[in-house]
Amino acid sequence: MESGVKRSRLAIAVLAGCLCLCGAAPAQLVLGQYEDEAPLGTWNILGSAAAAAVGLGGAQFARAWDGSASLVNPALLLTLPRLSASISGSFTGASLYRYSLVNTGVVQSSGNPSVAVVGVDQGSVALRAGKWALAAVVAGPESYVRPAISAGSAGYELTFDQTGQLRIFHAGVARRLPAGLSLGVGVNFAAGRLERATVERAADAQRVVTITADRSERTRGFFLNGGLTWEATGRLTAALIVRSPYVRKGPGRSLLRYEVPVAGTDIRIDAEATNSYRQPWVVGAGVSFRITEAWSLAADGAFFGWSRYGVTSFEEPLPRPFRNVLRVGGGVEHLAPSRLFGKPVRIPFRVGFSVDPQPMATVHSSYFALTFGTGLELAALAVDISGGFGREKGSGRSLKSGKIVLSVRYVAKPS
Amino acid sequence: MRMTKLAAIFLAALAIVPASVVAASEEGAEIVSVAKTDFAAAGLGRRGLDRLMEKSGRVYLVVSPGEMSALAVLRVPYAVETPGLLRAAGQGVSAAGGLNGAYHSAYELETDLRILERDHPGLASVREIGETLEGRKILALKISDNAAADEGEPAVLFVGCHHAREWISVEVPFLFGKRLLESYDLSAKVRDLVNSSEIWIVPIANPDGLEYSIHVYRYWRKNRRANADGTFGVDINRNYGFAWDFDDIGSSGQPGSDVYRGTAPFSEPETAAIRDLFASRDFRAMISFHSYSQVILYPWGFTTAAAPDGPGLDAVAAAMSGLIRDVRGTVYSYGQASRHLYVTNGDTADWTYSLAGAPSFTIELPPADIDQGGFFNDEAAIGAVFEENLPAMLYLTRYAIDHPLPVRPRIRIRRDRDKPDISPRPDRGGRPAPRLVR
């Protein structure tokens, strides 16, 4: 037990040294000027990474820990135990500078407003039998929450609130092929929700004037994802992944209202329309390499075709001058054997980094993040906790982002 | 569905009784509906009104502006049905809708201007007179009998939406252009105006601001200039080159102010676009539409001293006010801007007037006050606000054709650092203008 602890400390020291050489690592998103639909944290979200993957800089294309891997590379399901289940929750925090009314001319902040979201990231079940494997996943990878505003003085009040999220319902299947190859395909149903309310109220001795702008939308869409995995040797696994482009669309409703009750004035503009988001295709490649029984590494690169991103909101195409970007991330894992209540366990230590360029063409902004993770692996149960902490460069606002993910996975029969 | 049926009936009626509609259209006719009970109680059947149809307990009538006024005098409640019927029939503005309802966004306006240009070749020409900071086009609609050519005819400018939140100010000039084009073949009066002049319409002078007002914050006023201090926007109706920065009452040097004048005269692409357009033609009159207050304002705005031909401006404003009132009784008061509403400097009307004395007006459209909506107008009121302004716009166009500008000095401001004053200086010959002291 004592020797195990020592090895763990050594591993941390070595990994920390590697990261210092790499420089600061990054994460999260820079919003465009006032896009409401930007996910909190980063535009470049693919799947819903398990805590272990988060600890490795988000690397998840060539290595799987649970069924959530099917969201990006279903072929990896064949590397999981015969039956596994997992659930992940996260705490996500991000600072933003320019969004909606904030720092666009209406409300000015002295610093970068921040917001945090706690929620369930994903739940998954995966089965493997012979050359086949299946998975079902429900995930909530994107949040559209913004820091709320409540400003005003005597006789005047302005409030703003925006909430929303994206849910993915996924089914994946994988088939083992000859020559160490595996192929997987996933079908995904995406359901988005976005709600935004602005209320401005001014009162004097004669009247109260209330201006309300309520907007909401529910969007839906289907897309496919797939992966090809090649177990080149017992140590080296390489993978290619793809996510199809797709359109998420659905009804949007808006109410703009001006009320002066004392004068009997109530002017309303109601609108209903079909809003749509043309999501880009994504292709990526990843590699996982087991150096020794205790040491391994993984790295990913994902290319997001944001230049073809498009938004139609309430019958009007909105300008989104975006560029394609390549997100990269990777990390090192060390598994330290130990004992708990007399039983053998393994304690993973993970560290990683990611470089996450954002798609806005006018401001080249990127998040550089460092990630860390640890956990406890028992015979049939594993707990992982990881955090990623990023700082943005390019916008001049030094935005920050952070995410802490906790995953619990259960395996009916260890592989 | 009901509107579609009504529209079909309306169109059928147009086909059957074109004479009445055409005759009425020359006077800016509208289709209105009144409750059948009111129709009978007021004895409207005996008054010779052009009865179109009955539907769902209402009687639909084709009425002239004068007849509409008579309905108001008789206290007969009526609803203007023309916009809805035309829209249902697919003849109304094609792109209206969305977050801003029946009002135009910059995108919708371009669509509709292009439709007008397509449907009225020879009479309508859409020109891109500038580009905004966010890359949007500033569009002008030129209406003339040979719109593609520069014939040197007297020109009149109607411009809207200097201020982003004043959505109604887009609709009135746009509908004016639309009405002129659609009435050209029906009305000798309109035909004569169009054949004798160049009518320039810039419905949205501030497209960036308007988009922000629609998508982010309804009460946004300025353009979308990113100021050095982190604030946004220049009030482009304080950015014109006459009396710019005259004082800190009529505009502000603080970037965060709603009346921030910008860093220099014409520093903004929006005002530069209007400047270049105005300088390129023989403009003889101008109206800049705003809201709200129901007033007609004429120069000067920057000083309470009277303009050189103040009485003449007052007479034109009085005539327009009377024409507006005649439509349905709406009162637009009028007067010199600085005295009647408030002091402004660097605004559109002062600048256009300062160049060569072109009669220049700011019309603050309805409502009269914030109790009735302030910068909000009910969508259903768009048609009525336009109709009441139509005779005034026609009048000013005629006035411009009939009244060449006299050769007179271009007025400039001269100030010293300690004691600002203004003194018109002749720079094109002609009589010296009186010295004005603030």
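Chains as they are written, first to last, in our numbering: chain A, 3 to 417; chain B, 4 to 441.
Glycine included, C-beta positions come from ideal geometry on N, C-alpha and C.
From a predicted model like this one, the values you see are computed outputs, not experimental measurements.
Going by DSSP, residue 166 of chain B is part of no alpha helix (DSSP H) at all; its letter is neither H nor E. DSSP places residue 123 of chain B in the coil class of the three-state scheme, outside both helix and strand.
At a cut-off of 8 Å between beta-carbon atoms, residue 102 of chain B makes contact with chain A. Listed along the chain, the chain B residues whose CB falls inside 7 Å of the CB of residue 256 of chain A are 102.
Taking CB atoms only, residue 62 of chain B has no neighbour in chain A less than 8 Å away. When the alpha-carbon of residue 128 of chain B is set against those of B:192, B:155, B:67 and B:204, the nearest one is in B:204. Using beta-carbon distances, residue 382 of chain B counts as an interface residue toward chain A, with a partner under 8 Å. A contact is defined here as three or more CB-CB pairs under 8 Å, and the stretch 315 to 324 of chain A meets this definition with respect to the stretch 265 to 282 of chain A. Assignment of residue 131 of chain B by DSSP, reduced to helix, strand and coil, places it in the strand class.
Cα atoms of residue 111 of chain B and residue 368 of chain B: separation of roughly 22 Å, rounded to the nearest angstrom. When DSSP states are grouped into helix, strand and coil, residue 180 of chain A belongs to the coil group. Selection A:92, A:285 and A:117 evaluated against residue 54 of chain A yields A:92 as nearest (Cα-Cα). Around residue 87 of chain A, the same chain offers 127 and 412 as residues with beta carbons nearer than 6 Å, after the five sequence neighbours per side are excluded. Sixteen is the threshold: when 16 or more other Cβ atoms of the shown chains lie within 10 Å of the Cβ of residue 42 of chain B, as they do, the residue is buried. Cβ contact annotation for residue 309 of chain B (same chain, cutoff 8 Å, sequence separation greater than five): 303 and 339, in chain order.
Assignment of beta-bridge partners to residue 344 of chain B by DSSP yields no partner. Counting only unbroken stretches of 4 or more residues, the alpha helix (DSSP H) elements lying wholly within the stretch 229 to 298 of chain B are 272 to 282, in sequence order. The Cβ of residue 295 of chain A sits no closer than 8 Å to any Cβ of chain B. Shown here, residue 136 of chain A sits in a strand according to DSSP, grouped into three states. Three or more Cβ pairs closer than 8 Å define a contact, and the stretch 372 to 392 of chain B meets that threshold against the stretch 324 to 339 of chain B. Of the residues A:108, A:194 and A:263, the one whose Cα lies closest to the Cα of residue 209 of chain A is A:263. The stretch 239 to 257 of chain B makes contact with the stretch 335 to 350 of chain B: 3 or more CB pairs, one atom from each, lie closer than 8 Å.
The beta carbons of residue 376 of chain A and residue 350 of chain A sit closer together than 8 Å. For residue 339 of chain A, the enclosing beta strand (DSSP E) has its first and last residue at 327 to 342. For chain A, none of the residues of the stretch 239 to 263 of chain B brings a beta carbon within less than 7 Å of one of its beta carbons. Here residue 363 of chain B carries a strand assignment [DSSP, helix/strand/coil]. Within the model, the alpha-carbon separation for residue 183 of chain B versus residue 115 of chain B is close to 15 Å.
Judged by DSSP secondary structure, residue 195 of chain B falls within the alpha helix (DSSP H) whose first and last residues are 191 to 199.
Nearest to residue 169 of chain A by C-alpha distance, out of A:255, A:144 and A:293, is A:144. Look at residue 151 of chain A: its C-beta is not under 8 Å from any C-beta on chain B. Per DSSP, residue 182 of chain B lies in no beta strand (DSSP E); the unbroken alpha helix (DSSP H) holding it starts and ends at 171 to 186. The DSSP-derived three-state label of residue 366 of chain A is coil. Taken in chain order, the whole alpha helix (DSSP H) runs of length 4 or more contained in the stretch 29 to 117 of chain A are 53 to 57.
Annotated three-state conformation of residue 154 of chain B is coil, per DSSP.
Residue-level contact check: residue 233 of chain B touches chain A, since one or more beta carbons of chain A fall below 8 Å from its beta carbon. Scanning chain B for C-beta atoms nearer than 8 Å to the C-beta of residue 159 of chain A yields nothing, as the closest lies near 14 Å away.
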